[in-house]
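Undergrad: So in numbering that gives the first Met the number 0, spot 158 of the sequence shown is number 157, and the numbers just go up one at a time.
Cβ atoms here follow ideal geometry from the backbone N, Cα and C, with glycine treated the same way.
Note that this is a predicted model, so its numbers are computed, not measured.
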Amino acid sequence: MTALDLGTRFLAATPTHEHRTPEQLRAWARIALDFGDELAEEHPELPQLDIREKTGGKRSGEILLAEYHHRDHRVTLYRDSLDYAREVSAKRGVPIAPEKLRRAAIAHEVGHHLLHGPRTRELNRRLGHRVLRLRAHVAGADELAVHRYAQRLSGLNPLLLNTFLTDALDEPRARSRRAGGAAEDTGG
């Protein structure tokens with residue numbers, strides 16, 4: 000699956016896009032990915048940051064790999080989530096080196112920082128989405144741009160990793176539904 004396919008799938012799964020055409024989502028995904036490429040060309044190196052590591056990123060139904068703290072330009076990496084991401088990826092047949100994942104998580108957070116202000120407005124302008132004749136935000140497009148930026152700086156495809164993690168989070172719920180359905184079927 001290509002980055003464009005994954006990006007289109009990502010936007011399709013984003014709330015507010017339920018009634019968008021696949022063509023519209025694909026066009027928006029292409030614009031966001033291209034914007035991420037441009038961001039990487041403008042900022043090919045990660046800035047020096049205060050990086051702290053701790054646990055607590057893996058919670059019920061949620062996985063947080065890293066956070067960027069705007070006030071003090073600090074990144075927090077969550078070791079438990081990074082370990083889980085590597086485990087899930089390896090089970091899917093795509094092992095990830097710890098340093099590559101760490102760099103991707105940091106680049107992703109830096110990408111969010113870089114996307115603030117004028118760059119966000121420029122991305123929205125290029126997307127061309129309008130509501131009541133006003134330029135509007137396309138939910139998920141900024142995340143796609145940041146994923147692409149992180150991919151360019153780390154060599155790791157965050158969209159693919161995101162797919163793996165989303166699927167892994169959904170597996171226990173799917174098993175529970177199947178088990179519940181089987182129990183209901185035998186009860187009658």
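#1: Taking E108 as the reference, give the member of A96, R147, K90 with the closest Cα.
#2: What does K53 pair with, by DSSP beta-bridge criteria?
#3: Going by the CB atoms, is the gap between V74 and A65 shorter than 7 Å?
#4: With a threshold of 16 other CB atoms inside 10 Å of the CB of A182, please say whether the residue is buried or exposed.
#5: So L152 and L45 are in contact, right, with Cβ under 8 Å, and what is the actual spacing, rounded?
#6: Do T7 and A28 have their beta-carbon atoms positioned less than 7 Å apart in this structure?
#7: Does DSSP put H16 in a helix, a strand or coil?
#8: Could you check whether the region 46-66 touches the region 14-25, counting it as contact only if at least three pairs of C-beta atoms, one from each stretch, sit closer than 8 Å?
#9: Excluding the 5 residues flanking R125 on each side, which residues of the same chain have their C-beta closer than 7 Å to its C-beta?
#10: Distance check for Y67 and H111, CA to CA, integer angstroms please.
#11: Nearest-angstrom Cα distance between A104 and H18?
#12: Quick check on the DSSP output: the beta strand (DSSP E) that includes E121 runs from which residue to which?
#13: What residue does the beta strand (DSSP E) around E66 start on, and which one ends it?
#14: Going by CA-CA distance only, name the one from Q150, G127, A140 that's closest to L114.
#15: Please determine, among P157, G116, P21, the residue with the shortest C-alpha to C-alpha distance to V93.
#16: Pick helix, strand or coil for L100, following the three-state DSSP scheme.
#17: Could you give the residue range of the alpha helix (DSSP H) that holds D141?
TA: Looking at the atomic coordinates:
#1: Along the sequence shown, read from residue 1 onward, the residue named residue 108 stands at position 109. Taking each of A96, R147, K90 in turn and checking the Cα distance to E108, the smallest one comes out for R147.
#2: Position 54 of the sequence shown holds residue 53. Y77.
#3: Taking the first residue of the sequence shown as 1, we reach residue 65 at position 66. Taking the first residue of the sequence shown as 1, we reach residue 74 at position 75. In this structure, the beta-carbon distance from A65 to V74 falls below 7 Å.
#4: Locating residue 182 in the sequence shown gives position 183, where the first residue counts as 1. Caution applies to A182, whose pLDDT of 41 falls short of 50 and renders its modelled position unreliable; the value that the coordinates give is listed next. By the 10 Å Cβ count, A182 comes out exposed.
#5: What you label residue 152 is simply residue 153 of the sequence shown in a count that begins at 1. What you label residue 45 is simply residue 46 of the sequence shown in a count that begins at 1. Here L152 really is in contact with L45; their C-beta atoms are around 6 Å apart, less than 8 Å.
#6: Here residue 28 corresponds to residue number 29 of the sequence shown, with the count starting at 1. Here residue 7 corresponds to residue number 8 of the sequence shown, with the count starting at 1. Yes. Within cutoff.
#7: As a working mapping, residue 16 is identified with position 17 in the sequence shown. Three-state DSSP puts H16 in coil, outside helix and strand.
#8: Under the Cβ criterion (8 Å, minimum of three pairs), the region 46-66 does not count as touching the region 14-25.
#9: Locating residue 125 in the sequence shown gives position 126, counting from the first residue. Take R125, set aside five residues on each side of it, and the residues of its chain with a beta-carbon closer than 7 Å to its own are I30, F34, in chain order.
#10: Taking the sequence shown and counting its residues from 1, the one referred to as residue 111 is at position 112. Taking the sequence shown and counting its residues from 1, the one referred to as residue 67 is at position 68. When only Cα atoms are considered, H111 and Y67 end up about 8 Å apart.
#11: Working through the sequence shown from its first residue, we reach residue 104 at position 105. Working through the sequence shown from its first residue, we reach residue 18 at position 19. C-alpha separation (whole angstroms): 31 Å.
#12: Position 122 of the sequence shown, counted from the start, is the residue given in the question as residue 121. Boundaries for E121: no beta strand (DSSP E) harbours it, while the alpha helix (DSSP H) harbouring it runs 117-126, taken from the DSSP string.
#13: Counting from one through the sequence shown, the residue named residue 66 turns up at place 67. Here the beta strand (DSSP E) through E66 covers 65-68.
#14: Taking the first residue of the sequence shown as position 1, residue 114 is located at position 115. Ranking the options by Cα distance to L114, first place goes to A140.
#15: Locating residue 93 in the sequence shown gives position 94, counting from the first residue. Its Cα nearest to that of V93, the residue P157 stands out among P157, G116, P21.
#16: Residue mapping note: residue 100 aligns to position 101 of the sequence shown, counting from 1. Helix, per DSSP.
#17: On the sequence shown, residue 141 is found 142 positions in, with the first residue counted as 1. If you look at D141, you'll find it in the alpha helix (DSSP H) that goes 140-153.
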